[in-house]
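Counting from 2, one number per residue, gives the positions in the sequence shown under our numbering. We treat Cβ as the ideally placed atom computed from N, Cα and C, and that holds for glycine. For reference, the structure discussed in these notes is given below.
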Amino acid sequence: MLPIKLILFDLDDTLLHFDDYWEFSVKEVFSHHFFTKEMNVNELFDVFEQVNQAMVEKLDSGQITLDEYRTARFIRSLEQVGRIADEELAFSFESLYQSMSQKNMKPDLRTKKLIAELGNHYQLGVLTNGSKEWQLAKLHAIELIDVIPPEYVFISGAIGHEKPSPQIYQHVLGATSLSPDQVLVVGDSWMNDIAGPISQGLNAIWLNRKNKQLPETPLPLAVITELEELRAILLPQRL
Ligand SMILES: [Mg+2]
2 MLPIKLILFD LDDTLLHFDD YWEFSVKEVF SHHFFTKEMN VNELFDVFEQ VNQAMVEKLD
62 SGQITLDEYR TARFIRSLEQ VGRIADEELA FSFESLYQSM SQKNMKPDLR TKKLIAELGN
122 HYQLGVLTNG SKEWQLAKLH AIELIDVIPP EYVFISGAIG HEKPSPQIYQ HVLGATSLSP
182 DQVLVVGDSW MNDIAGPISQ GLNAIWLNRK NKQLPETPLP LAVITELEEL RAILLPQRL
């Protein structure tokens, strides 16, 4: 039997999927923001999506921070359509995006059910990069805020360290008084949710929904394509 006591879920693209609310929300913001509302929203979205993808790769490989990612994706997209935007505009876009996209995030009933079942056997928590307010708003929107105790919600913006920096995993161990082998991280980012935790002795399961290639090392406990596969791995099997 595994010694795992605490399962820490990543939030973005693990408990809550961008694809479910992203395109609709971004277009909605472009058509409301004073700087973009006269522009062709569909064209701008296509550019934004491409730029965003390139920036996500930089973010995932640790070349830029979350704040840099958020401002750069806006400024560079506008640049590509011949408009000059500054950081202040990028922040105003981001804050409008945050307030408007929240209502497009819906709870996933299958995830809620799985979380309830896992909660009968393990302590559950969340380990996520982002600002405290925004990440809590997302947890609220997907109706998991009352399921995960606040002391097990670990948000980089509140802690002062981002995944995959070793300090954030050490912070979790200190705050929960658990040993590394008692903690399991489940998430979609190889760097943040697999390589980072394993380097500190934690367990990790990779949610690889898009079938990305698996790096050879380090080896996670398991690779899954849907969260529901956790049932077979982590719950005692009924005979
Ligand atoms: Mg993620």
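CB-CB length for residue 74 against residue 53, believed under 8 Å: Indeed they touch by this definition, with Cβ atoms about 5 Å apart.
DSSP three-state assignment for residue 27, whether helix, strand or coil: Three-state result, residue 27: helix.
Residue range of the alpha helix (DSSP H) that includes residue 51: Run containing residue 51: 42 to 61, per the alpha helix (DSSP H) assignment.
Any non-hydrogen atom of ligand 1 closer than 7 Å to residue 226 Cβ: Ligand 1 never approaches residue 226 closely enough for any of its heavy atoms to be under 7 Å from the residue's Cβ.
Which residues DSSP lists as bridging residue 129, in chain order: Per DSSP, the beta-bridge partners of residue 129 are 156.
Ligand 2 heavy atom lying under 7 Å from the CB of residue 112: Questions concerning ligand 2 fall outside what the structure shown contains, since the ligands it does hold are ligand 1.
When 55, 22 and 97 are compared against residue 38, the one with the closest alpha-carbon: Comparing Cα-Cα distances from residue 38 to each of 55, 22 and 97, the minimum goes to 97.
Ligand 1 heavy atom lying under 7 Å from the CB of residue 188: Remark: the C-beta of residue 188 is in contact range of ligand 1, defined as less than 7 Å to any heavy atom.
Proximity below 8 Å, CB of residue 193 to CB of residue 130: For residue 193 and residue 130, yes; Cβs fall inside 8 Å.
Any non-hydrogen atom of ligand 1 closer than 7 Å to residue 15 Cβ: True, at least one ligand heavy atom lies under 7 Å from that Cβ.
Contact check, residue 173 vs residue 204, beta carbons under 8 Å: No; because the gap between Cβ atoms is not below 8 Å, this pair is not in contact.
Residue(s) in a DSSP beta bridge with residue 223: Residue 223 is bridged to 206.
With 16 other Cβ atoms within 10 Å as the buried cut-off, status of residue 80: By the beta-carbon neighbour count (other beta carbons within 10 angstroms, threshold 16), residue 80 is exposed.
Where the beta strand (DSSP E) containing residue 8 begins and where it ends: Counting along the chain, the beta strand (DSSP E) containing residue 8 begins and ends at 7 to 10.
Which of helix, strand or coil DSSP assigns to residue 64: Three-state DSSP puts residue 64 in coil, outside helix and strand.
Cα-Cα separation, residue 86 to residue 56: For residue 86 and residue 56, the distance between alpha carbons rounds to 17 Å.
Presumed contact (8 Å Cβ cut-off) between residue 78 and residue 45, rounded CB distance: By a beta-carbon distance limit of 8 Å, residue 78 contacts residue 45. Their separation comes to about 7 Å.
Straight-line Cα distance separating residue 82 from residue 153: Taken atom to atom, the span from the alpha-carbon of residue 153 to that of residue 82 is near 43 Å.
Near ligand 1: residue 147 beta-carbon under 7 Å from a heavy atom: Within 7 Å of the C-beta of residue 147 there is not a single heavy atom belonging to ligand 1.
Nearest neighbour of residue 72, chosen from 36, 123 and 89 [CA to CA]: The shortest Cα separation from residue 72 among 36, 123 and 89 belongs to 89.
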